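Going by our numbering, the sequence shown opens with residue 36, and the numbers climb by one from there.
Just so you know, even glycine gets a beta-carbon here, dropped at the ideal spot from N, CA and C.
Keep in mind it's a predicted model, so treat the numbers as computed, not measured.
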Amino acid sequence: MTHTGWRKPTPGLVQAERFAQAGERLAVPKSQAIVAVKKVAAAIGLKSQDLLLLDTFGAVTQPQDWEQGRRPIVWASNHFLMEQTGFSLATLRRHVRRLCEVGVISMKDSPNGKRWGRRDEDGVIVEAYGFDLSPLAARAQEFEALYAELQSERAECATLRNAITIARRVIRAKIEKALETGLRGPWRDLQEDYRELLDALPTRSERVGRLEVFLEQIKTLLTSVEQAFEAAFDLSKNSDAEQVSDTIVSEATSRNMTPSSTENETHILTTNEPNPVKSNRFETKPAASVAPQIEATAPVETAEDVDLDINWSTHGKSRGSDVDIPMLMASCPHFAEMARGTQGYLRDWNDVHRAAAKLRPIVGISEDAWNVANRVLGPAVAAASIALIIDKSTNGEIKSPGGYLRGMVEKAGAGELHLERSFYGRLSGQAA
């Protein structure tokens, strides 16, 4: 921040100016800098509207602005920025302040406090005052390293969650069998312990440490259940229950993030089973890491409800709902983080659809293209398409999100769209 007396310096603004000075000495392409910050947006405290404003800033810079020894400065007016983002003036100022405090942009103020600039005949900025994007260049490597750490932690969390799921299934099955057959043993007490443990089941936002603690707790309960079973059948004590428990972790590692993973065991949508069988006889509360099931009866929110008869493939006969919400969130982690920041807990496809509608401007999907996709693909598939496009765009896999969506719509019209393959492919890629 250039101190001209127009704005009160804060530790965040001062740090942003240091990043800007460091960024001036680097040559980082605009696309690399923007993609790097988008990948870690949720981790550093940025929300979808912050990214929308940041994209608007980046759109008015030119490639030469990001070369070594230069600063990509934006001197767009408030009116232009409000028109491009749809923000009010107060909202615009609030998001500018957040971007500065987080340290992804800096402010270069003119003596009279106005934003302006000029370029020479080669398009090089000669003098400019406004929003300085140099901190993005300075922090690109930092953000890329942070993203690698987040990916590693996500993989570890997925392994732990799978191990927890497998242990839960074993415990539940043995307790149910014991109660059905009237085996001797403290099965009611074990059942109550299991219920209490489920009340503390970690949510999907929990970090590795919390998951490790919970896994140890459920392994301890599994050991008690195994011992009660051995005592009931007067089995030999040679089978080590701890060894059985350790096998859970290795099994979960081998199954981590595959399409058939236990994390994706229960599909959210049910279109052809009006009376689904409930396997959890005494799990009266739904696990916090899995969204509650939608009944096949008439929906409550008739005005906004998404059609549950989802046709993921337009080629040949529909096979029903091949992709559920847990699979969608696992295969599109960037969309998942951004959607939770915008919509909160995604209970059903209605929530996914609303989140996609709010996030689509970030990747430049117009309202017209969104409406066409809803009409041709259906609301749920259109929302899933936006999730896929956001992740691909964030990873730098596609350059024209709008064109990619149009291609999906055209394939659907020709009966050649196989969207479910994209999600399975991404899950397989994560597991590889």
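> Do the segment 248 to 268 and the segment 195 to 214 make contact, defined as three or more Cβ pairs closer than 8 Å?
Replying inline: Cβ pair count under 8 Å is three or more, so yes.
>> Just verifying my parser: in three-state terms, what is the DSSP assignment at A111?
In response: In the sequence shown, the residue the question calls residue 111 occupies position 76. Note: A111 maps to coil in three-state DSSP.
>> Is it buried or exposed, E455, if we count other Cβ atoms within 10 angstroms and call 16 or more buried?
In response: Position 420 of the sequence shown, counting from 1, holds the residue named residue 455. E455 is classed as buried because its beta carbon has at least 16 other beta carbons within 10 Å across all chains shown.
> Which runs of the beta strand (DSSP E) fall wholly inside the segment 158 to 190 and span at least 3 residues, in chain order?
Replying inline: Assignment of beta strand (DSSP E) within the segment 158 to 190, counting only whole runs of 3 or more residues, yields 160 to 167 in chain order.
> Using CA coordinates, which residue listed in Q176, K65, R105, L412 is at the minimum distance from T91?
Replying inline: Taking the first residue of the sequence shown as 1, we reach residue 91 at position 56. In terms of CA proximity to T91, K65 leads the group Q176, K65, R105, L412.
>> Going by DSSP, what residue range makes up the beta strand (DSSP E) through S83?
In response: Your numbering for residue 83 matches position 48 in the sequence shown. For S83, no beta strand (DSSP E) run applies; the uninterrupted alpha helix (DSSP H) run containing it begins and ends at 83 to 94, by DSSP.
> Since M364 and S83 are thought to touch, with beta carbons under 8 Å apart, how far apart are those beta carbons, to the nearest angstrom?
Replying inline: Taking the sequence shown and counting its residues from 1, the one referred to as residue 364 is at position 329. Taking the sequence shown and counting its residues from 1, the one referred to as residue 83 is at position 48. Contact between M364 and S83 does not hold, since their C-beta atoms are separated by about 16 Å, which reaches or exceeds 8 Å.
> In three-state terms, what does DSSP make of R106?
Replying inline: Counting from 1 along the sequence shown, the entry for residue 106 is found at position 71. In this structure, R106 counts as coil in the three-state DSSP scheme.
>> Just verifying my parser: in three-state terms, what is the DSSP assignment at S259?
In response: Residue numbering aside, residue 259 sits at position 224 when the sequence shown is read from its first letter. Helix.
> Once you ignore the five residues that flank E136 on each side, which residues in its own chain have a CB closer than 6 Å to its CB?
Replying inline: Within the sequence shown, residue 136 is the residue found at index 101, counting from 1. So the qualifying residues of the chain are G47.
> Can you name the residues that DSSP bridges to R154?
Replying inline: As a working mapping, residue 154 is identified with position 119 in the sequence shown. In the DSSP output, where bridge partners are listed per residue, R154 has I160.
> Does the separation of the CB atoms of A180 and L218 fall below 8 Å?
Replying inline: By one-based count along the sequence shown, residue 180 stands at place 145. By one-based count along the sequence shown, residue 218 stands at place 183. Note that the C-beta distance between A180 and L218 is not below 8 Å.
> Closest to S112 by CA distance: which of Q99, V131, H369 is it?
Replying inline: Position 77 of the sequence shown, counted from the first residue, corresponds to residue 112. Here the closest residue by C-alpha is V131.
>> I need the DSSP call for K143, collapsed to helix, strand or coil.
In response: For this step, residue 143 is matched to residue 108 along the sequence shown. Correct three-state label for K143: strand.
> Among residues of its own chain, excluding the 5 on either side of D85, which ones have a beta-carbon nearer than 7 Å to its beta-carbon?
Replying inline: For the purposes of this step, residue 85 is taken as the residue at position 50 of the sequence shown. If the five residues before and after D85 are omitted, its C-beta is found closer than 7 Å to the C-beta atoms of H130, R133, L134, all from its own chain and listed in chain order.
> Can you tell me the Cα-Cα spacing of F249 and K212, whole angstroms?
Replying inline: The residue you call residue 249 lines up with position 214 of the sequence shown. The residue you call residue 212 lines up with position 177 of the sequence shown. About 24 Å.
> Given 8 Å as the limit, is there contact between the segment 95 to 107 and the segment 178 to 193, that is, 3 or more CB pairs closer than that?
Replying inline: A contact between stretches requires three or more CB pairs, one per stretch, nearer than 8 Å, and the segment 95 to 107 fails this requirement with the segment 178 to 193.
> Distance, Cα to Cα, P170 vs R60?
Replying inline: Working through the sequence shown from its first residue, we reach residue 170 at position 135. Working through the sequence shown from its first residue, we reach residue 60 at position 25. Each residue's alpha carbon lies about 11 Å from the other.
>> Spatial neighbours of C192 within its chain, please: C-beta separation below 7 Å, excluding the five flanking residues on both sides.
In response: Numbered from 1 along the sequence shown, position 157 holds the residue referred to as residue 192. Once the five neighbours on either side are set aside, the close Cβ partners of C192 are V243, L246.
> Under the rule that 16 or more other beta-carbon atoms within 10 Å means buried, what is D344, buried or exposed?
Replying inline: Your numbering for residue 344 matches position 309 in the sequence shown. For D344, the pLDDT reaches just 47, beneath the cut-off of 50, and the residue's location in the model is therefore unreliable, leaving the point undetermined.
>> By the DSSP assignment, the alpha helix (DSSP H) with D224 in it spans what residues?
In response: Residue numbering aside, residue 224 sits at position 189 when the sequence shown is read from its first letter. Annotation: the continuous alpha helix (DSSP H) that includes D224 extends over 222 to 234.
>> Here's the rule: buried if 16 or more other CB atoms are within 10 angstroms of the residue's CB, otherwise exposed. What is R203?
In response: Residue mapping note: residue 203 aligns to position 168 of the sequence shown, counting from 1. Counting Cβ neighbours within 10 Å, R203 comes out buried, since at least 16 surround it.
>> Any contact between the segment 439 to 451 and the segment 398 to 417? By contact I mean 3 or more CB pairs, one from each, below 8 Å.
In response: A contact is defined here as three or more CB-CB pairs under 8 Å, and the segment 439 to 451 meets this definition with respect to the segment 398 to 417.
>> With distance defined between alpha-carbon atoms, name the residue in A172, R53, I140, R128 nearest to Q67.
In response: As a working note, residue 67 is residue 32 in the sequence shown. For Q67, the closest C-alpha among the options A172, R53, I140, R128 is that of A172.
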